[in-house]
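Each remark here refers to the structure printed beneath this line.
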Amino acid sequence: WAALGRLRGTVVVLMGVDTAPAISAALVEHGRAPETPVAVVSDGATPAQRTLRTTLAGLGKTIADEGVRPPAVWVVGDVVALGAG
């Protein structure tokens, strides 16, 4: 976790819906800023695909509030801003 927390590149978490609160907390604990952007993509490549944008600090709440269930992936880092708009 320490190495991932210090990493300034992109982190992609596959199938991490249920563990999102713990993973995001570990990343913040080990150096990632709480305001680091996160995109959650659920049901990718299907007609039901949706993308939610949040931050590491808000990830667990967003997943719970939006009822995100697997299959989903989430992307952490500044690259998330490239897809916004």
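Mapping to the numbering used here: the sequence shown position 28 is 80, numbers consecutive.
Even glycine gets a Cβ: it sits at the ideal position worked out from N, Cα and C.
Helix, strand or coil at residue i according to DSSP, with G and I counted as helix
{"i": "Pro73", "result": "helix"}
{"i": "Leu108", "result": "coil"}
{"i": "Val120", "result": "coil"}
{"i": "Ala91", "result": "strand"}
{"i": "Arg60", "result": "coil"}
{"i": "Thr114", "result": "helix"}
Same chain, Cβ closer than 8 Å to residue i, five either side skipped, listed in chain order
{"i": "Val63", "result": "Leu56, Leu79, Val127, Val128, Gly129"}
{"i": "Pro123", "result": "Met67, Ser94, Asp95, Gly96"}
{"i": "Gly61", "result": "Gly129"}
CA nearest to the CA of residue i, picked from the options
{"i": "Thr114", "options": "Val132, Ala91, Arg60, Pro123", "result": "Ala91"}
{"i": "Gly119", "options": "Val93, Leu134, Ala133, Ala77", "result": "Val93"}
{"i": "Arg5", "options": "Ala85, Pro99, Thr98, Leu134", "result": "This structure gives no information on residue 5, because the portion of the chain shown stretches from 53 to 137."}
Neighbour-count burial assignment, residue i, 16 or more Cβ in a 10 Å radius
{"i": "Thr88", "result": "buried"}
{"i": "Leu108", "result": "buried"}
{"i": "Arg102", "result": "exposed"}
Residues near residue i in its chain [Cβ-Cβ closer than 6 Å; skip 5 each side]
{"i": "Ala72", "result": "Leu111, Gly112, Ile115"}
{"i": "Ala54", "result": "His82"}
Supposed contact pair residue j and residue i - C-beta distance, whole angstroms, cut 8 Å
{"i": "Val125", "j": "Gly83", "result": "Rounded, the Cβ-Cβ distance is 22 Å, inconsistent with contact."}
{"i": "Lys121", "j": "Val69", "result": "In the sequence under discussion, the amino acid at residue 121 is Arg, which differs from the Lys named in the question. Confirmed, Cβ separation roughly 6 Å."}
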